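Below is one structure, written out as structure tokens; the observations come after it.
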Ligand SMILES: Cc1ncc(C[n+]2csc(CCOP(=O)(O)OP(=O)(O)O)c2C)c(N)n1
Ligand SMILES: Cc1ncc(C[n+]2csc(CCOP(=O)(O)OP(=O)(O)O)c2C)c(N)n1
Ligand SMILES: [Mg+2]
Ligand SMILES: [Mg+2]
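Protein chains in written order, with the numbering used here: chain Y, 1 to 339; chain C, 1001 to 1339; chain V, 2001 to 2336; chain D, 3001 to 3336.
Next up, the structure:
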């Protein structure tokens, strides 16, 4: 069994090895399956949103971006967090509300972050990350840095005002930001075609005179290639662009959702293009790895995640003082008095 | 001197006579010039936004829509209010805060309305009228009525989220609403090209799979023709559309603005296509009226507006009880007590 | 009288109003085909059809605005804001448009719309999905704000809200949706807006609560001679009932799901003090959440909201000493 | 010490901070080329250039969100919301994002941004452009809310706000922009956030005011032995100073630009009562606006905000009778 490196930056750097990208995709999948199980069993309270089926985008972000670039994403962010480098311990710790969580357990599933690998706190409000990413890019541009910001939002988020305002602002200022729409076909329980009158979401780029492109989101190489071009463009000062990544949400929207509303056969059709399977075939076809090697990777990930679950379950929740930490109060203000 | 008919519906009906459309365009222009003067002299407090240069759209709305259709527009709404039929007395009364105002003087320049001629309270918040118009159309659709709603917003408003959300919602539900963008080239002191990365604002229709069209806003016939098509489409149940009407704001943004930021020559270039002049020529060319007749109309409007100003100046402000009228309070609630 | 969950009482109220008045319609994210994220509109699409029960895109500004427009044109739309926080992208439509339209149309336009929003902590939804945020809609002349505390109130206030000719915001404690209670349906079950409910008579102290804190207050009051009042409508709140009670008891405690700073209970304490100063036997005070975001970790989240144990202890101390007790975090030396 | 208008003091504060710290940048509608709709950024584009002084499209959600992102990445953005009401389309970014980021990043992310918004009545802008709306940003742990009442406060609080490591909302009374005052510039002119200002000592009654009502309270206090306190920072407000003063005077009046229902003054009255009950000689109370939107007509608008005459009468009655006087509208038999 391979030990998971301890630090997020090391875990990020490890992805330069193509086998590690396969390991990471499996790590996300297995992690998410485990999470779903823990919630289903009632071992974790609250809600969670898993991202099975969207692993290619998660890992492509990690391999394409520099570690000093910045990402805003959504509550469906475990995969991106793990891909960018956050350790399964810090992610699971947060999801389970333990002191080992990335913010000590006060946030939960929707609030992951690690500035060391460029992940801003994940956004629980649909669309909010879009202008915030533009703002990060604004900081880079104003200071003359060649860093890039990437906003990842869902298909459903393209209908909210913040999306529109964020893109327009970025376009006017030619900000170094790439707007990625992870089109996983659903927003909560609504199929995208019931809430959005166009099928090609990248077409909305035209409203802001920026390039728009849609790409197969199940194929890691395809996503990486397209994302790479858009990021390079942004880094070169050529302005923002919009990339629709076509994935599919294999699970329900959140904890309790069985996704009974899916048309018959839809899930199976998409599962036939499971990003992990496609990646596996590609690695074998290219002679990068043998089936046995990949099986072994999968097994080692499975074992490692089982360890993480065990370790985290044995980790305590924070004590009451954690509730009061990290609230800004001006120094001169009198201490909050009696009621 | 012709007397202005007393009721807004009669004033609306009068527009079936082409000469009355010319009279109305002049009425708006002269009214707005007077308003600008009253504010400049300090005779009216607060702020105001006049619409000289945009009269063709105002009157086209009135001649195209049925009186049971509905319009949402902006604080720059005096022209639309007068065109739709509101009397100069009720508009000026409101602007001057007098009891003769359409809502008795508690609203002011930004808050005109007359449900008899389909004008919902004009909107002081940029973009807010867009989803509200969609909602009016939603009521018509739900009840199976063949009425149409028209939202009129400015060029600058196309960058706010409410615009985007309103259009998307209307598209999804195929609502009987026409979204009109009065592109008068400026939003406050900002030229549209400094805030918006595209030049053809109707192109944004494509994001919502609805027809988009841009039309010369200085030519009453052109605006009427285009608007007529879009309204007919909506009325026939074929869904929403976006019409950009290209006008020019002859005055500054509001009371105090001298519009010094305009590029040299721009105003003159647009004034050479003054909608009133174009209309005048068209009527003479078509043999509908002689220059003398039109001069006489202009003079009679001038006299009438002078009378309105005199009358309104002699009209009292409301007394304190007006402040407390028309605030909803549930019947069962205890009367607001002591402080 | 039927036993039902709070969320079923809401469905029942919506259905009864929709049957009685065909201008009533519903809009919101996943409220139609899926019956609502919290199942508060289950079955309504089937009964009333897709014109009156509409799933919306994710665009709170858009559909809340559409509700304003539809209401102006004679409909009675009920919109669902899945979590109160989402009104942060659409507050304009409620406070600046809907609440003012009657006034700014000289009484010609009415906006009989209801905004239903789930609020509060207890579900492990984290700090951006667990606030009550009454303050966002406070200080808005023309806007009614109500909060049910049980199934009857959910039924009765929802119906009253729909019938009201102005805009109403219904803040629904998410943690109560699954709670069961007995519900009188029909006209007799309607609770007028602006009326508080005396949940338990008492003579020693008046405890004012709202929404989720009503059950906490009731449980805490068990061994005390406390009068527990469910405010039910927060704006405008029932001064007659509250002042009457405090006139009798001479003591006031507000139990509140809101931070110590900025919470609505200040208004109750302040109004009662200004009006009944000489009738008070002791300082009125508030039992609140601390000035910190709602934390996720279950053991912390459950302490954020005042617990029954804590309320009982605070009120007991207050009655015993006549003094305002310090909140638990100061006792434990914790501050932000 | 320089004599300048409030709006010039704001320009001076922005300029001094921008000179001292190159991460300070400005965004807003027409704040760059035009120098600001209220001339509160005049000349700054020329001095600091278009990268640091940016005109934005009309998209409050977009640019306030951009400020959050830029602040997370180490800038100190100051955004201008032309009228406070416009935050109704972007409140999410302030309350739900900016104010919580420090907490939800475990202290790793700071959001040192300032949201400046003009507020209040007096300009004839009508009911959708004349509110103060402090309640929108109240009850938000992690968010500081301050309001200047004169040129010195405008200078000093703006600088302190920019230097603060968390988000600050500055509510600037529009009616004061043209007022002149003496301003100490530089480090000595900075007013720490969270500190109230005793504007006038007195021993009979404590009058707490904020923003536009400070000058009203000062004028009204002229023939009274009243201590007038400018709260300056509303969240968190300076309990030490206010409690200290009431401990001395035994009486409290809050003069407030907010409706009777839902206004911030309830918090002052309530907190003082809970903590100083036995030190009070009379009921504390508030002098407020009525529960009605701000009307346009000049004669009405000027009565909506408490006038000097009215405040003087109310306080005088209070001191004479020891009773809370009724507000003018009840005296005149007017209610909503
Ligand atoms: C402003 C806002 N409205 C509604 C929600 C509730 N909500 C959470 S996730 C979600 C669906 C989002 O769909 P999409 O953007 O496609 O992202 P996905 O969940 O598929 O990743 C909704 C409506 C929210 N969090 N924020
Ligand atoms: C949400 C919001 N932001 C800003 C403003 C301030 N404002 C009033 S008019 C205006 C310019 C609008 O430009 P445009 O949409 O082109 O309309 P026009 O004034 O040219 O008719 C602005 C920014 C506002 N009223 N509402
Ligand atoms: Mg989706
Ligand atoms: Mg314009």
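No residue lacks a Cβ here, since even glycine has one placed at the ideal position from N, Cα and C. Since the structure is predicted, the reported quantities are computational estimates derived from the model, not experimental observations.
Under 7 angstroms between C-beta atoms of residue i and residue j
| i | j | result |
| --- | --- | --- |
| residue 210 of chain Y | residue 240 of chain Y | yes |
| residue 175 of chain Y | residue 141 of chain Y | yes |
| residue 2040 of chain V | residue 2005 of chain V | no |
| residue 976 of chain C | residue 1183 of chain C | Because chain C spans 1001 through 1339 in this model, residue 976 of chain C falls outside it and cannot be assessed. |
| residue 1119 of chain C | residue 1092 of chain C | no |
| residue 1328 of chain C | residue 2166 of chain V | yes |
| residue 3275 of chain D | residue 1124 of chain C | no |
| residue 3205 of chain D | residue 3251 of chain D | yes |
| residue 3259 of chain D | residue 2050 of chain V | no |
Residues near residue i by beta carbon distance below 6 angstroms, same chain, minus five either side
| i | result |
| --- | --- |
| residue 302 of chain Y | 30 |
| residue 3065 of chain D | 3093 |
| residue 3265 of chain D | 3254, 3256, 3286 |
| residue 1185 of chain C | 1192, 1248 |
| residue 2975 of chain D | Because chain D spans 3001 through 3336 in this model, residue 2975 of chain D falls outside it and cannot be assessed. |
| residue 3178 of chain D | 3005 |
| residue 338 of chain Y | Note that residue 338 of chain Y has pLDDT 33, beneath the 50 cutoff, so the model's placement of it is unreliable and the number below is only indicative. For residue 338 of chain Y, where only same-chain residues beyond five positions count, there are no Cβ hits under 6 angstroms. |
Sequence-distant residues of the same chain with beta carbon closer than 8 angstroms to residue i, five excluded per side
| i | result |
| --- | --- |
| residue 2216 of chain V | 2209, 2255, 2305, 2306, 2307, 2308, 2311 |
| residue 3124 of chain D | 3296, 3298, 3301 |
| residue 1317 of chain C | 1097, 1098, 1099, 1105 |
| residue 1088 of chain C | 1004, 1027, 1031, 1082, 1304, 1305, 1308 |
| residue 3203 of chain D | 3225, 3227, 3248, 3249 |
Cβ-heavy atom distance, residue i to ligand 4, below 6 angstroms
| i | result |
| --- | --- |
| residue 1155 of chain C | yes |
| residue 1187 of chain C | yes |
| residue 159 of chain Y | no |
heavy atom of ligand 1 below 6 angstroms from residue i C-beta
| i | result |
| --- | --- |
| residue 3197 of chain D | no |
| residue 2082 of chain V | yes |
| residue 3097 of chain D | no |
| residue 35 of chain Y | no |
Proximity test, residue i beta-carbon vs ligand 3 heavy atom, cut-off 6 angstroms
| i | result |
| --- | --- |
| residue 184 of chain Y | yes |
Check: residue i C-beta below 6 angstroms from any heavy atom of ligand 2
| i | result |
| --- | --- |
| residue 1262 of chain C | no |
| residue 1126 of chain C | yes |
| residue 250 of chain Y | no |
| residue 3086 of chain D | yes |
| residue 1280 of chain C | no |
Close beta carbons around residue i, own chain, < 7 angstroms, minus the five adjacent residues each side
| i | result |
| --- | --- |
| residue 2326 of chain V | none |
Hey, which unbroken runs of the beta strand (DSSP E) at 3 residues or more fall wholly within the region 1090-1162 of chain C?
1149-1154
To test your reading of the DSSP string, which unbroken alpha helix (DSSP H) runs of 4 or more residues are found completely within the region 1156-1239 of chain C?
1161-1173, 1220-1235
Output, in sequence order along the chain, the residues in the region 3205-3227 of chain D whose CB is closer than 8 angstroms to any CB in chain C.
none
Cβ-based contacts, 8 angstroms cut-off: residues of the region 1200-1225 of chain C near chain Y:
1203, 1204, 1206, 1207, 1208, 1209, 1210
Within the region 2171-2246 of chain V, note down every full beta strand (DSSP E) run reaching 3 residues or more, in order along the chain.
2180-2183, 2197-2200, 2205-2209, 2226-2230, 2233-2235
Taking only beta carbons into account, state which residues of the region 183-197 of chain Y come closer than 7 angstroms to chain V, listed in chain order.
187, 188, 189, 190, 194, 195, 196
Short of 9 angstroms Cβ to Cβ, which residues in the region 1291-1308 of chain C face chain Y?
none
Which residues, in order along the region 3098-3118 of chain D, keep a beta-carbon less than 7 angstroms from a beta-carbon of chain Y?
3101, 3102, 3103, 3104, 3105, 3106, 3107, 3108, 3109
Contacting positions in the region 3081-3098 of chain D - beta carbon closer than 7 angstroms to chain V
3085, 3088, 3089, 3091, 3092, 3095, 3096
Interfacial residues, the region 16-28 of chain Y to chain C, with Cβ spacing under 9 angstroms:
none
Where in the region 3043-3090 of chain D do unbroken runs of the beta strand (DSSP E), each at least 3 residues long, occur, reported from the N-terminal end onward?
3053-3055, 3076-3081
If the cut-off is 7 angstroms on Cβ atoms, which residues from the region 1123-1135 of chain C count as contacting chain V, listed in chain order?
1125, 1128, 1131, 1132, 1133, 1134, 1135
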